[in-house]
Amino acid sequence: MSGIPQDSSWISKNSGRVLSSDMVYNLLLEFASGGTLDGLIHKSKGHKLPEYDVRRYTRSILEGIQHIHKCDYVHCDLKPDNILLVPTTTTSSGGTTFVAKIADFGLTMKTKVNYSRRRGTPRYLSPKAFINNKQDQSSDIWSLGCIVFEILTGKSPWDLKPDNPNNLPDVLMFDHLRTCKIPTGISDVARDFLNSCIAMKSRERFTAESLLSHPFVAPPQPSKECHTKVKLVNSFLGYASGVCCFKPNSDYHANSAIVQ
Numbered sequence: 295m296s297g298i299p300q301d302s303s304w305i306s307k308n309s310g311r312v313l314s315s316d317m318v319y320n321l322l323l324e325f326a327s328g329g330t331l332d333g334l335i336h337k338s339k340g341h342k343l344p345e346y347d348v349r350r351y352t353r354s355i356l357e358g359i360q361h362i363h364k365c366d367y368v369h370c371d372l373k374p375d376n377i378l379l380v381p382t383t384t385t386s387s388g389g390t391t392f393v394a395k396i397a398d399f400g401l402t403m404k405t406k407v408n409y410s411r412r413r414g415t416p417r418y419l420s421p422k423a424f425i426n427n428k429q430d431q432s433s434d435i436w437s438l439g440c441i442v443f444e445i446l447t448g449k450s451p452w453d454l455k456p457d458n459p460n461n462l463p464d465v466l467m468f469d470h471l472r473t474c475k476i477p478t479g480i481s482d483v484a485r486d487f488l489n490s491c492i493a494m495k496s497r498e499r500f501t502a503e504s505l506l507s508h509p510f511v512a513p514p515q516p517s518k519e520c521h522t523k524v525k526l527v528n529s530f531l532g533y534a535s536g537v538c539c540f541k542p543n544s545d546y547h548a549n550s551a552i553v554q
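Numbers 295 to 554, taken from our numbering, label the letters of the sequence shown in order.
What follows is the structure in structure tokens.
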């Protein structure tokens with residue numbers, strides 16, 4: 295990971311390493327008290343996570359992927375077990391809000407570099423990576439689609455046997471890759487996001503940068519009606535400030551009036 299700057303808020307921090315007395319290197323990593331995304335999925339016991347949380351986690355993962363890709367790297371092993379949940383804030387009710395951060399850069403490679411061996415976890419590999427051992431930045435986008443599918447539905451997008459799916463024959467695995475079906479019960483915008491990630495042809499997948507503008511993860515924008523009300527209220531406040539001393543009281547709050 296030496297070639298990837300760690301100045302991103304969406305990548306797990308590595309603070310260095312210490313050589314112990316028995317000549318073993320111990321890495322000093324950022325503490326992720328929320329565990330991994332894989333652990334969170336298992337805790338749900340097959341139940342999907344709230345789509346609001348999925349959107350938050352997906353956006354932060356995308357921010358990390360964009361950072362990696364801008365540095366001209368491919369992660370090659372994106373999966374729920376390599377996504378850490380790091381606390382950010384404490385809510386008024388005493389709960390904790392977590393942000394998803396990408397970890398485990400052991401298989402990361404420079405773009406446009408071909409390896410003779412398959413890199414990554416088969417369940418999350420793109421068709422080209424699985425069959426031809428070729429990985430590029432679009433391969434990371436495919437892996438992201440698999441991750442989002444899993445946290446949206448509580449199960450893998452591929453109907454694989456749980457015993458040891460990583461050892462399935464290539465032909466069988468490829469057959470599963472071709473038969474992914476997005477289930478009903480998720481929003482249309484989530485469905486469109488998934489289709490933008492797990493397109494069979496790599497050139498048809500969106501980039502990390504373009505996905506950050508997708509409605510599924512993009513910050514909500516005020517409606518046109520809301521903008522109109524803001525202008526009207528601001529005009530009123532401007533007029534009032536010219537003729538009198540305007541002071542919001544307990545019966546009328548300017549801030550709440552703007553957004554209602």
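All C-beta atoms, glycine included, are put in the ideal place defined by N, C-alpha and C.
On a predicted model such as this, the values are computed, not experimentally measured, just so you know.
Reduced DSSP secondary structure (H/G/I, E/B, other) of residue i
i           : result
residue 378 : strand
residue 325 : coil
residue 396 : strand
residue 415 : coil
residue 351 : helix
residue 337 : helix
residue 367 : strand
residue 452 : coil
residue 457 : Because residue 457 sits at a pLDDT of 49, beneath the cut-off of 50, its placement in the model cannot be relied upon, and the following sentence gives the value as read from the coordinates. Note: residue 457 maps to coil in three-state DSSP.
residue 478 : coil
Given residue i as reference, the closest of the options once Cα atoms are compared
i           : options            : result
residue 492 : 439, 332, 401, 504 : 439
residue 426 : 413, 417, 434      : 413
residue 500 : 363, 424, 399, 382 : 363
residue 275 : 346, 428, 451      : Residue 275 is absent from the model: the chain starts at 295 and stops at 554.
residue 447 : 327, 336, 328      : 336
residue 360 : 514, 503, 486, 508 : 503
residue 350 : 395, 497, 476      : 395
residue 445 : 327, 513, 375      : 375
residue 358 : 508, 490, 407, 435 : 435
residue 490 : 405, 338, 437      : 437
residue 354 : 333, 341, 327, 397 : 397
residue 328 : 389, 401, 479      : 389
residue 494 : 475, 479, 509      : 475
residue 411 : 417, 400, 418, 424 : 424
residue 407 : 430, 479, 417, 418 : 430
residue 417 : 441, 400, 401      : 441
Check whether residue i and residue j have beta carbons under 7 Å apart
i           : j           : result
residue 488 : residue 443 : yes
residue 378 : residue 330 : yes
residue 343 : residue 506 : no
residue 352 : residue 511 : yes
residue 370 : residue 403 : yes
residue 380 : residue 393 : yes
residue 422 : residue 496 : yes
residue 433 : residue 420 : yes
residue 391 : residue 382 : yes
First and last residue of the uninterrupted alpha helix (DSSP H) at residue i
i           : result
residue 498 : Unbroken run through residue 498: none, as it is neither H nor E.
residue 422 : 421-426
residue 441 : 431-447
residue 482 : 482-491
Chain C contact for residue i (CB, 7 Å cutoff)
i           : result
residue 402 : Although the question refers to chain C, the structure presented lacks it and comprises just one protein chain.
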